[in-house]
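With our numbering applied, the sequence shown has no gaps in its numbers, which climb one by one up to 130 at the end. Working notes, structure below.
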Amino acid sequence: RAAARPAGRGAMSQSSQPPAKGKGTPGHMQEWATEWGDEALKLCKHWLVLEPLVYVMPKADPKQTPKERVAAKGAGEIVEGDGVTVDGYKWLHMKQDGKEVGWILIDGKAVGLSRRFLEPVPG
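As structure tokens, this is what we get:
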């Protein structure tokens, strides 16, 4: 239905797994999530993927479907880009090797989920 909705479990290496909750499966990395505001959105350039899978989309529009994705990123990956607010939702305008790649939805509210998909990395 929505562009950046998490889509199942991705593989993670042992070294990048957070402490497991419940039955020993890594699941979401939501225990790494913190409260942060617009200043972090504006200043941070590196972001940690919290969801098992997020899509890099060609534009900042939550109505896009997974078929339109240009790439996918998994839990524990660090992505680079500029945080921006588009139509009231937080997005990462992703860059890779200095080139614009696409958009990753940060704010799950855009697709009916009450969590963020990315966490800013201080530094």
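Yeah, the Cβ is synthetic: ideal placement off N, Cα and C, and Gly gets one too.
DSSP-derived helix/strand/coil call for residue i
| i | result |
| --- | --- |
| residue 2 | With the chain running from 8 to 130 in the structure shown, residue 2 is simply not present. |
| residue 126 | strand |
| residue 67 | coil |
Cα-Cα separation between residue i and residue j, rounded to whole angstroms
| i | j | result |
| --- | --- | --- |
| residue 111 | residue 71 | 12 Å |
| residue 58 | residue 121 | 13 Å |
| residue 49 | residue 123 | 16 Å |
| residue 101 | residue 119 | 22 Å |
| residue 31 | residue 81 | Low local confidence applies: a pLDDT of 34 at residue 31 is under 50, so the model's placement there is unreliable, with the coordinate-based value given in what follows. Distance between the alpha carbons of residue 31 and residue 81: 18 Å. |
Buried versus exposed, by CB contacts within 10 Å (16 or more), residue i
| i | result |
| --- | --- |
| residue 106 | exposed |
| residue 90 | buried |
Residue closest to residue i, alpha-carbon to alpha-carbon, out of the options
| i | options | result |
| --- | --- | --- |
| residue 116 | 99, 77, 69, 109 | 69 |
For this session: Count the CB pairs spanning the region 54–73 and the region 83–100 that are closer than 8 Å, and state whether there are at least three.
Result: yes
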